[in-house]
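Q: Sharing a structure with you now.
Numbering (the UniProt record's numbering), first residue to last: 1 to 217.
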């Protein structure tokens with residue numbers, strides 16, 4: 001069995017993008033599927049925050065999804081996801097995490113934030129999404145004609161945004177909608193969304209990542 005150990009939660013977008021990078025790299029890891037309401041003691045021992053994803057390596061523990069993505073593609077990058085514009089990609093991803101994600105949470109759960117309506121929170125999300133729509137009007141992916149690290153990092157969060165009101169999303173952001181569809185219908189998404197039995201302290205452990213995908217979308 002591989003030494004690297006990944007704690008993951010299937011529906012978490014941060015965990016999704018970490019799994020996407022590992023699967024894209026074709027690196028086999030041991031996967032422990034956790035439920036956030038029942039965090040295993042082994043996870044809390046190496047990450048007291050209890051967040052996922054967490055990647056435990058022989059010499060260190062990575063607790064941020066972007067760090068896991070960079071680690072995975074630094075080991076192997078057969079689809080050339082991170083060979084150009086590295087710093088702009090990282091800046092875009094960090095901007096999304098810092099600026100877009102908080103508004104996305106309010107948009108998804110607008111009833112919990114009655115200070116404004118869902119339309120207001122959606123408009124704030126568009127501050128980040130509108131420039132991506134302009135990019136995708138000119139090219140197939142965020143950084144050119146082929147997928148990049150940024151595409152992998154962003155699409156799980158755009159998926160959550162679209163799920164709130166998919167009809168509005170497809171009408172207002174057709175470029176993003178087509179781009180998202182290409183990811184959701186591609187072999188990579190299928191590979192990372194396999195359902196696993198929960199680990200729960202002494203539960204199942206699974207092999208993940210040795211996909212050897214010929215294409216991602």
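Idealized CB from N, CA, C, for every residue including glycine. The structure displayed is predicted, hence computed values, not measured ones.
Do residue 82 and residue 149 have their C-beta atoms within less than 7 Å of each other?
A: Taking the chain shown and counting its residues from 1, one reaches residue 82 at position 82. Taking the chain shown and counting its residues from 1, one reaches residue 149 at position 149. Yes; because the gap between Cβ atoms is below 7 Å, this pair is in contact.
Q: Along the chain, where does the alpha helix (DSSP H) that runs through residue 169 open and close?
A: The residue labelled residue 169 in the question sits at position 169 within the chain shown. That run of the alpha helix (DSSP H) goes 166-172.
Q: For residue 65, I'd like the list of residues in its chain whose CB is within less than 6 Å of its CB, leaving aside the five on either flank, ordered along the chain.
A: Here residue 65 is taken as the residue at index 65 of the chain shown, counted from 1. Excluding residues within five positions, the ones whose Cβ falls inside 6 Å are 14, 17, 18 and 53.
Q: Are the beta-carbon atoms of residue 125 and residue 109 separated by less than 7 Å?
A: Locating residue 125 in the chain shown gives position 125, counting from the first residue. Locating residue 109 in the chain shown gives position 109, counting from the first residue. Contact: no.
Q: Can you list, in chain order, the residues of its chain with a C-beta nearer than 8 Å to that of residue 73? Leave out the 5 residues immediately preceding and following it.
A: Taking the chain shown and counting its residues from 1, the one referred to as residue 73 is at position 73. 21, 24, 25, 81, 82 and 149.
Q: With a CB to CB cut of under 7 Å and the five nearest residues on each side skipped, what residues in its chain are close to residue 27?
A: The count along the chain shown starts at 1 and reaches residue 27 at position 27. 72, 75, 76 and 209, listed in sequence order.
Q: Could you check what DSSP says for residue 74 in three-state terms: helix, strand or coil?
A: Taking the chain shown and counting its residues from 1, the one referred to as residue 74 is at position 74. Reduced to three states, the DSSP call for residue 74 is helix.
Q: Could you tell me which whole beta strand (DSSP E) segments of length 3 or greater appear in the region 77-156?
A: Entirely contained in the region 77-156, not one beta strand (DSSP E) run reaches 3 residues.
Q: Nearest-angstrom Cα distance between residue 55 and residue 159?
A: Residue 55 sits at position 55 when you count from the first residue of the chain shown. Residue 159 sits at position 159 when you count from the first residue of the chain shown. Approximately 24 Å, taken between the alpha carbons.
Q: Are the Cβ atoms of residue 3 and residue 87 separated by less than 7 Å?
A: Translated into positions along the chain shown, residue 3 becomes position 3. Translated into positions along the chain shown, residue 87 becomes position 87. Contact: no.
Q: Identify the residues that DSSP records as bridge partners of residue 207: which are they?
A: By 1-based counting over the chain shown, the position of residue 207 is 207. Looking at the DSSP assignment, residue 207 forms a beta bridge with 30.
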